[in-house]
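Using mature numbering (1 follows the signal peptide of the UniProt record, and there is no 0), the letters of the sequence shown map in sequence onto residues -18 to -1, 1 to 476. Glycine residues also receive a C-beta, built at the ideal position from the N, C-alpha and C atoms. In this text the structure is predicted, and so the values were computed from the model without any measurement. Report on one structure; see the data block that follows.
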Amino acid sequence: MAITYLLVFCLAATACSCQENKFPPWFLFGAASASYQIEGGWNAHDKGESTWDRLVHTNPAAIEDGSNGDVACDSYHLWMRDIEMAEELGLTLYRFSISWPRLLPTGYPNIISEDGKNYYNNLIDGLLEKGIEPLVTMYHFDLPQSLQDLGGWANPLIIDWYVDYARVVFSLYADRVKLWLTLNEPFGICDAGYNLQHAPYLNNTDFGRFMCNKNVMLAHAKTWRVYDEEYKPLYHGKVSLSTLFIWYEPATPEDQELTDLVIEHWEGRYVHPIFSKEGGWPPAIEKFLLEDGKKKGYPNPLLPPFTDEEKELVRGTYDFYGLNHYSSRLVRKAKPGEVFSWPYYGSPELGVVFENHPDWKQAALNWFALYPEGLLHQLRWLKKTYGVEEILITENGYMDSYKGTDDWERLGYIRDNLEQVQLALQEGINVTGYTHWTLMDNFEWTSGYTVNFGLYAVDFSDPNRTRTPRESAKYYSQVTRAHALLPLPPRDEA
């Protein structure tokens, strides 16, 4: 099913010519997906059980609509259609993730699934045949349940379990894959996973998330060094991780100090150890959490300290910055008695509340505000704070609950955010690509199928999981082919 492409070039009424709105020739346009959210085939062949399999089967009430990803988009069987869609969109990059339990059914490298191995081989080779660069995420939330039973990301042994898994992945695919992400959104792994918001759906915000925090940093770092020392000399690829970064601004000038602390708490714990010159935890949040732990009566720090050796191991383990950005929030000091849940509505420990500016439009969920300027502010902050030399936007997308194809709000979201990317490029911030989340509607974690991000609508009532391009897909395909920021089409011509 091909998109009818309407290539819009220079219009007399356009204030800036298309030539002026061109992206650099090396700029990558992509779309993204994740294994559990699209693959289905949850028990196909010898695939092992994941933490998400366990959660949705034993506690369906944790999912807003009681659904699961057992079939999802059925991409395990429909991968050729996925590649076709990427080609229809004119993508030069497609981001997908490898399911750890699909490739290693036991969680360990003692058994490598032939079916799992072949599935990802076919996907990678199919993309390359179409001239589409694969960006492979090695871990996107679906941990083998066998490893969770032993403590998962809170167990320091997982650092080596993960490196063993990564070695298998590199040995199978590094000859063709040149762009890698070790982990997607460590914040989601730890702060959501240990706060009853993501699998493993545990409630241990005092210690669990911070033990996890340190372990994901070390797992990433050791994996990066394996690639850097053993595979980069052969294949010359790049490795990083992708981090979720909501941009925060103070509600009043008096809230600036609290806002800076929130940014350290949300983002800094997952990037400062890697991207800062000195390494280690962000000093202000490390001090705050040490004092907070003492107030709660804990004899040991909530945030496990790094040794000097660990700081050096982690520091500098990146080839680019992978940024997931969706929204922005205002920060204000909480009033007496106000308590809002971390991470989307506030931070009880910091005594702050997150809210939207009255001028910001709201998407499907009330924490998802539309403020495209937040992306530019975020890019500037990364450049100023860490001197990052290359930023790849690994996720950016619009959430709605609309099941049809006339998704005009998504068109505007894409254009407005790409405009901020162009402004960043003009300021000398080296943004090398933009990846839209997501290629198609899918299982959106604890929201199930109640919200959508897809450029393609998926009919989940159809056994064939028919994918239909939305208006946003048509617009995005025009942008990718013109390699330029284009005006939004009139509604009757889209």
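- Message: Please list the terminal residues of the continuous alpha helix (DSSP H) segment that includes Ser310.
- Response: Where Ser310 is concerned, there is no enclosing alpha helix (DSSP H), although the beta strand (DSSP E) it sits in stretches over Ser310 to Lys315.
- Identify every residue that forms a DSSP beta bridge with Arg449. Residue pairing by DSSP places Arg449 opposite Val440 in a beta bridge.
- Query: Ordered along the chain, which non-local residues of its own chain (more than five positions away) have a Cβ less than 7 Å from that of Gln130?
  - Reply: Thr33 and Pro182.
- Task: Under 6 Å Cβ to Cβ from Gly22, same chain only, skipping five residues before and after it: list those, please.
- Result: Closer than 6 Å at the Cβ level, and outside the excluded window around Gly22, lie Val53, Ala54, Asp56 and Tyr58.
- If you pair each beta-carbon of the segment 300 to 315 with each one of the segment 344 to 357, do three or more pairs fall below 8 Å? As far as the Cβ criterion goes, the segment 300 to 315 touches the segment 344 to 357, which means the pair count is three or higher.
- Task: Helix, strand or coil for Ile396, going by three-state DSSP, please let me know.
- Result: Of the three classes helix, strand and coil, the one that applies to Ile396 here is helix, per DSSP.
- Query: Which value, in whole angstroms, describes the spacing of the CA atoms of Lys276 and Glu31?
  - Reply: Rounded to the nearest angstrom, the two C-alpha atoms are 39 Å apart.
- Item | Burial state of Trp342, where buried means 16 or more other Cβ atoms lie within 10 Å | Under the 10 Å beta carbon count, Trp342 is surrounded by 16 or more other beta carbons and is classified as buried.
- Close-in-space but distant-in-sequence residues of the same chain around Ile106 (CB under 7 Å, 5 per side omitted): In chain order, Pro116, Tyr155, Arg158 and Val159 place their CB closer than 7 Å to the CB of Ile106, counting only its own chain and leaving out the 5 sequence neighbours on each side.
- What beta strand (DSSP E) runs, 3 residues minimum, are completely inside the segment 28 to 83? Whole beta strand (DSSP E) segments, 3+ residues: 75 to 79.
- What is the rounded straight-line gap between the Cα of Gly250 and the Cα of Trp427? Near 24 Å, if we compare the C-alpha coordinates of Trp427 and Gly250.
- As assigned by DSSP and simplified to three states, the class of Tyr416: Here Tyr416 carries a strand assignment [DSSP, helix/strand/coil].
- Residues bridged to Asn100 [DSSP beta-bridge criterion]: Beta-bridge pairing links Asn100 to no other residue.
- Query: Using DSSP with H/G/I as helix, E/B as strand and the rest coil, what is Asp173?
  - Reply: Looking at Asp173 - three-state DSSP - the assignment turns out to be helix.
- In angstroms, rounded to a whole number, what distance separates the CA positions of Phe(-10) and Arg452? In this prediction, Phe(-10) scores a pLDDT of 35, lower than 50, which makes its location untrustworthy; the coordinate-derived value is nonetheless stated afterwards. Cα-Cα distance, rounded: 21 Å.
- Item | Assigned exposure category for Leu132 - 16 Cβ within 10 Å defines buried | Exposed is the call here.
- Task: Take Ser224 and list the residues in its own chain whose beta-carbon comes closer than 8 Å to its own, dropping the five residues that flank it on each side.
- Result: Answer for Ser224: Thr119, Leu163, Leu165, Asn166, Glu167, Gly304, Leu305, Asn306, Thr376 and Glu377, listed in chain order.
- Out of Trp248, Gly98 and Ala439, point me to the one whose CA is closest to Ile228's CA. Closest in alpha carbon position to Ile228, among Trp248, Gly98 and Ala439, is Trp248.
- Just reading off the beta strand (DSSP E) that Leu200 is part of, what are its end residues? Leu200: not part of any beta strand (DSSP E); member of the alpha helix (DSSP H) spanning Gly190 to Val208, first to last residue.
- Start and end residues, alpha helix (DSSP H) containing Gly12: Where Gly12 is concerned, there is no enclosing alpha helix (DSSP H), although the beta strand (DSSP E) around it starts and stops at Leu10 to Ala14.
- Task: Compute the Euclidean distance between the alpha carbons of Glu236 and Pro471, then round it to the nearest angstrom.
- Result: Taking the straight line joining both Cα atoms gives about 42 Å.
- Message: Using only the alpha-carbon positions, how far apart do Cys(-3) and Leu468 sit?
- Response: Low local confidence applies: a pLDDT of 44 at Cys(-3) is under 50, so the model's placement there is unreliable, and no value is given.
- Flag this pair as touching only if the segment 410 to 422 and the segment 1 to 17 have three or more C-beta atom pairs under 8 Å; answer yes or no. In short, these stretches touch, since the Cβ pair count reaches three.
- Item | C-alpha gap between Ala476 and Trp8, whole angstroms | Legend: pLDDT at Ala476 = 48, less than 50; position of this residue unreliable, value from coordinates given subsequently. Each residue's Cα considered, the two are about 28 Å apart.
- Message: Is the separation between the beta-carbon of Ile373 and that of Asn412 shorter than 9 Å?
- Response: Result yes, Cβ atoms of Ile373 and Asn412 sit closer than 9 Å.
- Cβ-based burial, His39 [other Cβ within 10 Å; buried from 16]: Classification for His39: exposed.
- Segment contact flag, the segment 144 to 153 with the segment 83 to 95, C-beta cutoff 8 Å, min 3 pairs: Because the criterion of three Cβ pairs below 8 Å is met, the segment 144 to 153 and the segment 83 to 95 touch.
- Query: From what residue to what residue does the alpha helix (DSSP H) around Lys385 run?
  - Reply: Where Lys385 is concerned, there is no enclosing alpha helix (DSSP H), given that its DSSP letter is neither H nor E.
- Message: Would Trp143 and Ile171 be called neighbours here (beta carbons separated by less than 9 Å)?
- Response: No, the pair does not count as a contact, with Cβ atoms beyond the cut-off.
- Query: Since Ala351 sits in a beta bridge, which residues does DSSP pair it with?
  - Reply: Beta-bridge pairing links Ala351 to Gln344.
- Assigned secondary structure, Ile140 (DSSP; H/G/I helix, E/B strand, else coil): Residue state, collapsed to three classes: helix.
- So, do the segment 264 to 271 and the segment 386 to 406 have three or more beta carbon pairs nearer to each other than 8 Å? With a cut-off of 8 Å, the segment 386 to 406 and the segment 264 to 271 do not count as touching, because too few Cβ pairs lie within range.
- Query: Between Pro255 and Met199, which are expected to be in contact by the criterion C-beta below 8 Å, what is the C-beta distance as a whole number of angstroms?
  - Reply: Under the criterion of beta carbons closer than 8 Å, Pro255 and Met199 qualify as touching, at roughly 5 Å.
- Going by other Cβ atoms of all chains shown within 10 Å of its Cβ, with 16 needed for buried, is Asp431 buried or exposed? It is worth fixing the name first, because residue 431 is Tyr in this sequence and not Asp. It is buried - the Cβ of Tyr431 has at least 16 other Cβ atoms within 10 Å.
- Burial state of Asn185 (16 or more Cβ within 10 Å): Around the beta carbon of Asn185, a 10 Å sphere encloses fewer than 16 other beta carbons of the protein chains shown; the residue is thus reported as exposed.
- Message: Determine whether the beta carbon atoms of residue 500 and Gly48 lie at a separation below 9 Å.
- Response: Outside the modelled stretch of the chain, which goes from -18 to 476, sits residue 500, for which no answer is possible.
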